[in-house]
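Protein sequence lines, in the order shown, are assigned to chains U and B. Numbering-wise (this note's numbering), the first sequence opens with residue 11 and increments by one. Numbering-wise (this note's numbering), the second sequence opens with residue 21 and increments by one. We put the beta carbon where it would ideally sit given N, CA and C, even for glycine. See structure below.
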Amino acid sequence: EPEVTQTPSHQVTQMGQEVILRCVPISNHLYFYWYRQILGQKVEFLVSFYNNEISEKSEIFDDQFSVERPDGSNFTLKIRSTKLEDSAMYFCASTESLYRNTEAFFGQGTRLTVV
Amino acid sequence: AQKITQTQPGMFVQEKEAVTLDCTYDTSDPSYGLFWYKQPSSGEMIFLIYQGSYDQQNATEGRYSLNFQKARKSANLVISASQLGDSAMYFCAMRYSGAGSYQLTFGKGTKLSVIP
Numbered sequence: 011e012p013e014v015t016q017t018p019s020h021q022v023t024q025m026g027q028e029v030i031l032r033c034v035p036i037s038n039h040l041y042f043y044w045y046r047q048i049l050g051q052k053v054e055f056l057v058s059f060y061n062n063e064i065s066e067k068s069e070i071f072d073d074q075f076s077v078e079r080p081d082g083s084n085f086t087l088k089i090r091s092t093k094l095e096d097s098a099m100y101f102c103a104s105t106e107s108l109y110r111n112t113e114a115f116f117g118q119g120t121r122l123t124v125v
Numbered sequence: 021a022q023k024i025t026q027t028q029p030g031m032f033v034q035e036k037e038a039v040t041l042d043c044t045y046d047t048s049d050p051s052y053g054l055f056w057y058k059q060p061s062s063g064e065m066i067f068l069i070y071q072g073s074y075d076q077q078n079a080t081e082g083r084y085s086l087n088f089q090k091a092r093k094s095a096n097l098v099i100s101a102s103q104l105g106d107s108a109m110y111f112c113a114m115r116y117s118g119a120g121s122y123q124l125t126f127g128k129g130t131k132l133s134v135i136p
């Protein structure tokens, strides 16, 4: 069964450093998303991406964050100048279409720890 | 604003018994989809079941069924014949067709513990 793949599974970084989280969405999917889950809290939407541009972003997704699809297969989330409160599980997801019944496939997540 | 409410932070169920996890939602959009995801302790998000706002029948997927009461804006997940492997966090989520909004909005989740 096709799956969304995220790397690394766990990243530890020092406060102020930049991190790049990587995702390989399912190959025929066109819409990509990043979500964040702070430990013990609900999953929150960060950004959606389609046709090489951001479709929508939440208020969490400020200038510290950026996304890109550098090579047609990878989908990356860059966090500049990380803060302690950026520590969370980051999920990548992809969908085949935008119909309301379309299941979002999630990757296994990257646990980011900022120290 | 769209909102999902899960009022049960934690639930216990005896193995082989059925359990209902509550979910209520709030939206003014007539077209929306409701999803349930399972998150085991390993952290991944696993899709369980989907219900569309226009679907006439309640969704079922194996041991999972969705008790959809549109007038009450509730979409409760029913797990029949609970198994130890069902112990996990369960999230209700909504996707609605408002202009430009395609993301999932999640509830806070319910932690289900299955007791042998």
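Test item: CB-CB of residue i and residue j under 7 Å
i, j, result
"L56/U", "I70/U", "yes"
"T125/B", "Q28/B", "no"
"Y122/B", "T47/B", "no"
"Q71/B", "L86/B", "yes"
Reduced DSSP secondary structure (H/G/I, E/B, other) of residue i
i, result
"K131/B", "strand"
"D106/B", "helix"
"A119/B", "Residue placement at A119/B cannot be trusted, given a pLDDT of 47 that sits under 50; what the coordinates show is reported in the next sentence. Coil."
"M25/U", "coil"
"H39/U", "coil"
"M31/B", "strand"
"F71/U", "coil"
"L124/B", "coil"
"T40/B", "strand"
"S58/U", "strand"
"E64/B", "coil"
"Q22/B", "coil"
"A101/B", "coil"
Exposure of residue i, with buried meaning 16 or more beta-carbon neighbours within 10 Å
i, result
"L104/B", "exposed"
"G127/B", "buried"
"A108/B", "buried"
"A114/U", "buried"
"E81/B", "exposed"
Strand pairing of residue i, partner residues [DSSP]
i, result
"Q89/B", "S94/B"
"C33/U", "Q16/U and F85/U"
"Y74/B", "Beta-bridge pairing links Y74/B to no other residue."
**Request:** Would you list, in sequence order, the uninterrupted beta strand (DSSP E) runs of no fewer than 3 residues that lie entirely inside the segment 82 to 118 of chain U?
**Result:** 85 to 89 and 98 to 105
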